[in-house]
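S.K.: In our numbering, the protein residues as written are 13 to 906.
Don't be surprised by glycine CBs; every beta carbon is placed ideally from N, CA and C.
Got a structure for you, written out below as structure tokens; questions coming shortly.
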Ligand code: ARG
Ligand code: ZN
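Here's what the structure looks like:
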């Protein structure tokens, strides 16, 4: 069944109060749910109270204390309808669920012997019968009863009572003072320890911050708790938003479908985004923890205080909160730096975010699952926690920030909270609040065209034309936009045309020596002009320019679009060496590398010998040795574009050819720039105590990039450097980098021995064992057979999503040679794993299913077996709704 946005109907009842009582036991937990139910004034008197439920055993139904007669309610597979209720009633429903048997990790489940919940989007219906939709908001009082083996009993809000029962069990009561939709409900019960601190909020209230973990892991929660304090402070200073509770808890769990969940006052986190110490966590892990801690904390205002009217509005909270966490991370990275260093640090963060967007969201926007950031329909909402809703959603918020400016955006946010605090609202409501500021700033203009970003799918393409008139010394810039139908739009009736977007397009112009030209635009003279493209084609003039300049386009990635401009290689090299905008400078280098790798892949497909262009090597040498660039930036500038990004540029995608081309270039750079890379390796060591701060992390990134080039090139001495680094590393970033270089490019017995020793050393640390699996799953030598062998390892299980991601996802998504072997065995493996996962955890299975989304764009030799594998999955009986939606769309709309 497909659900449509246009079919939204308000719920006929209010449910202002909910009292939940849990008798927790792993095999069967009994839940008593008492709701105060009030028919809305405008609802029909005979409107049934329809509640959702899944995998529940119904024990009893009572209204106002009396058991409800059998003819007054009707239970069907996924709903319970109550008829003839008084306008104001107390409805009591008792039900049972089976937490230990729940492998979906939605609703109430057991992990590591403890109880956890995940309710967003539709997991609450697996806990009790309820109006499981975000526009029904209630105040919750929660009673938890459990054996003493579960000493820690947590739920949302404040702890109001705690006692021991005559039967020896413990009982606690929690009360959440804020009305919330049921997707924000949470409970945790088990044997946990915690780390805590008390801080004063801006208005002077003391609040208790706690991070819970398994006993023994309390040594690994310091960074998470510190990050939480930083997030709290940042939201106060940048947005004027204060924590509204007296107590805020974060709990780490090892079995979790996603990154984390913003349940009111009780965030539940994938342990991978909480636990860290120098020995076991990489720089990227530290960064990820800070960012996800921030993300979930920021949801308290953007998501919880103001929530979504329906799930089509998901980007209302996710796009906005991703934007906020990106800004938080950028501010943390740039703090305590001088202006130039701060600008570079911000550019690094922006580059990383754009790399993610291009690798994950652009392909989605060009494939069968393409959807607007506010989708019009879905079959399973769990499939719409996508890069489009999250990352493109954040870009759409960022464009509003760019159009309004920092102060204007802040005024728009203030207005949004003034209008909607405590409500469940739509994306339109958000834009309207921003627009109220924009129209004041820009009389006569509005955000009407901008709203198309919410309505249409696909990545717009902006074509740039540059003309110079020597007589008038005038440059004319012409921008034209185009967005072809994608996904389901391809089957739209004839005459379907997409409306133009409102595209903030930042440009600069450089003279032929690489100097920035001042641009006069909207009454100011700057190096960067923000052009607002709102129709199909527009022109702008810049005067006082002597010769045709080199354009620096879409600076800072000011809009999520693809730019079409035919730079010469020499112009790109100029930009890569001189552009004063660090983002655009990086972009120019990436474009050069993209051209280089694509032409190598062509040569490979045509059976020609591969040669690297000397001009390209020179451009890379210039970046590598530019003393004005810090290490973190150079590591990004010198990174070769990912296979995912490159694939988007191929007519017919051939992952093995791309992998060979990239590998060739990596090795060739290592050979030709051996001395420079060796210098970078030596210059960027980080001896002494480990710190995840951006400067040392940047040094490690550059040093380890250098090491991988030297190893790929088979450089004399490289293996000795890698072995030494592996044996003496004082942090996981360096251990992993060395081990990865060794197993992919090393010789002799050391690499495999080190791999085995690594497992022996870390076998009791699940997060490190995940790294161990992931390293091998993506290794160049790993074939389907190797992957199957790894699955037989005693530490492997499909039931733990992190473990499945480490091995199966890593292989299917990031091992071009193994997965895309022309014999099709990779796709058969994929089909098998999708089906095996689907029997356990449909949400995770559907994520894996998406690995073949873009099958129709591959070379024919791969396309055919991919299609066959998709058909095999689609034909499987008892397929979940989640996987069904993905594979049927892949086969239908590709
Ligand atoms: N709201 C969470 C976050 O982005 C994600 C929850 C998604 N849950 C799920 N089962 N799909 O922080
Ligand atoms: Zn979120």
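Answer yes or no: the CB of residue 274 versus the heavy atoms of the ligand ZN, is any distance below 8 Å?
M.R.: The answer is yes for residue 274.
S.K.: Mind listing, in chain order, the continuous alpha helix (DSSP H) runs of no fewer than 4 residues lying wholly within the segment 273 to 330?
M.R.: Listed in chain order, the complete alpha helix (DSSP H) runs (minimum 4 residues) inside the segment 273 to 330 are 295 to 311.
S.K.: Cβ of residue 663 within 8 Å of any heavy atom in the ligand ARG?
M.R.: The answer is no for residue 663.
S.K.: So residue 394 and residue 894 are in contact, right, with Cβ under 8 Å, and what is the actual spacing, rounded?
M.R.: 6 Å between Cβ atoms; contact.
S.K.: Quick one: what's residue 220 bridged to in DSSP?
M.R.: DSSP output for residue 220 lists 210 and 259 as bridge partner(s).
S.K.: Does the Cβ of residue 311 have 16 or more other Cβ atoms within 10 Å, making it buried, or fewer, making it exposed?
M.R.: When all chains shown are included, residue 311 counts as buried.
S.K.: Is it the case that the segment 471 to 481 contacts the segment 177 to 194, given that we only count it when at least three CB pairs across the two stretches are under 8 Å?
M.R.: Output reads no: the segment 471 to 481 does not touch the segment 177 to 194.
S.K.: Leaving out five residues before and five after residue 165 in sequence, what residues of the same chain have Cβ atoms less than 7 Å from its Cβ?
M.R.: Taken in chain order, the residues that qualify are 156, 158, 182, 184 and 201.
S.K.: Closest to residue 304 by CA distance: which of 272, 323 and 554 is it?
M.R.: Residue 304 has its Cα closest to that of 272, out of 272, 323 and 554.
S.K.: Jot down the residue ranges of each uninterrupted alpha helix (DSSP H) in the segment 361 to 422, minimum 4 residues, whole runs only, in chain order.
M.R.: Fully enclosed alpha helix (DSSP H) runs of 4 or longer: 374 to 377.
S.K.: Tell me the rounded alpha-carbon separation between residue 525 and residue 600.
M.R.: The straight-line gap from Cα to Cα measures roughly 16 Å.
S.K.: For residue 645 and residue 389, which I take to be in contact (beta-carbon distance under 8 Å), what is that distance rounded to the nearest angstrom?
M.R.: The Cβ separation is near 43 Å, so there is no contact.
S.K.: State the beta-bridge partners of residue 27 as determined by DSSP.
M.R.: The partner list for residue 27 (beta bridge, DSSP) is empty, contrary to what the question assumes.
S.K.: Would the segment 273 to 281 count as touching the segment 306 to 326 if we require 3 or more Cβ pairs under 8 Å?
M.R.: Judged by Cβ distances under 8 Å, the segment 273 to 281 makes contact with the segment 306 to 326, as three or more pairs qualify.
S.K.: Taking 9 Å as the cut-off, decide whether the C-beta atoms of residue 128 and residue 263 are in contact.
M.R.: Yes, the Cβ-Cβ distance between residue 128 and residue 263 is below 9 Å.
S.K.: Give the list of continuous beta strand (DSSP E) stretches no shorter than 3 residues that lie fully inside the segment 482 to 529.
M.R.: As far as the segment 482 to 529 is concerned, its whole beta strand (DSSP E) runs of at least 3 residues are 486 to 494 and 515 to 522.
S.K.: For the alpha helix (DSSP H) that contains residue 441, what are its first and last residues?
M.R.: Per DSSP, residue 441 belongs to the alpha helix (DSSP H) from 439 to 453.
S.K.: For residue 220, does the count of other Cβ atoms within 10 angstroms reach 16, so buried, or fall short, so exposed?
M.R.: So residue 220 ends up on the exposed side.
S.K.: Could you pull out every unbroken alpha helix (DSSP H) segment of at least 4 residues lying fully inside the segment 726 to 790, listed in chain order?
M.R.: The qualifying runs are 730 to 740, 744 to 757, 762 to 774 and 778 to 789.
S.K.: For a minimum of 4 consecutive residues, which ranges assigned as the alpha helix (DSSP H) are wholly contained in the segment 566 to 627?
M.R.: Segments of the alpha helix (DSSP H) lying fully in the segment 566 to 627: 581 to 590 and 594 to 617.
S.K.: Considering residue 552, what are the terminal residues of the beta strand (DSSP E) in which it resides?
M.R.: Its beta strand (DSSP E) spans residues 549 to 555.
S.K.: Closer than 8 Å by C-beta to residue 664: which residues in its own chain qualify, once you throw out the five before and the five after it? Chain order, please.
M.R.: For residue 664, where only same-chain residues beyond five positions count, the Cβ hits under 8 Å are 869, 870, 871 and 872.
S.K.: Report yes if the C-beta of residue 398 is less than 8 Å from at least one heavy atom of the ligand ZN; otherwise report no.
M.R.: Answer for residue 398: no, Cβ out of range of the ligand ZN.
S.K.: I'd like to know if the segment 82 to 93 and the segment 830 to 843 are in contact, where contact means that at least 3 CB-CB pairs between them fall below 8 Å.
M.R.: Segments in contact, no.
S.K.: Closer than 8 Å: is that where the CB of residue 329 sits relative to any heavy atom of the ligand ZN?
M.R.: Yes, the beta carbon of residue 329 sits closer than 8 Å to at least one heavy atom of the ligand ZN.
S.K.: State yes or no: is the C-beta of residue 488 within less than 9 Å of the C-beta of residue 520?
M.R.: Contact flag unset, no.
S.K.: Is the CB-CB distance between residue 812 and residue 778 below 9 Å?
M.R.: A contact, by the Cβ cut-off of 9 Å.
S.K.: If residue 551 sits next to residue 490, beta carbons under 8 Å apart, how far is it from one beta carbon to the other, in whole angstroms?
M.R.: Indeed they touch by this definition, with Cβ atoms about 5 Å apart.
S.K.: Take residue 26 and list the residues in its own chain whose beta-carbon comes closer than 7 Å to its own, dropping the five residues that flank it on each side.
M.R.: Closer than 7 Å at the Cβ level, and outside the excluded window around residue 26, lie 50 and 52.
S.K.: Out of 418, 417 and 332, state which residue places its alpha-carbon closest to the alpha-carbon of residue 404.
M.R.: Nearest C-alpha to residue 404: 332.
S.K.: Where are the alpha helix (DSSP H) runs, 4 residues long or more, that stay fully inside the segment 818 to 858, in chain order?
M.R.: Runs of the alpha helix (DSSP H) inside the segment 818 to 858: 822 to 826, 828 to 831 and 837 to 850.
S.K.: Does DSSP classify residue 339 as helix, strand or coil?
M.R.: If DSSP states are grouped into helix, strand and coil, residue 339 belongs with the helices.
S.K.: Specify whether the segment 311 to 329 and the segment 426 to 444 touch according to this definition: at least 3 beta carbon pairs, one from each stretch, less than 8 Å apart.
M.R.: Touching, per the Cβ criterion.
S.K.: Using the DSSP secondary-structure output, state which residues sit across from residue 74 in a beta bridge.
M.R.: Answer is 79 and 104, bridged to residue 74.
S.K.: Assuming contact is defined by CB atoms lying nearer than 9 Å, are residue 681 and residue 689 in contact in what I supplied?
M.R.: Yes, they are a contact pair.
S.K.: Flag residue 309 as yes when its Cβ comes closer than 8 Å to any non-hydrogen atom of the ligand ZN, and as no otherwise.
M.R.: Not under cutoff, so the answer is no.
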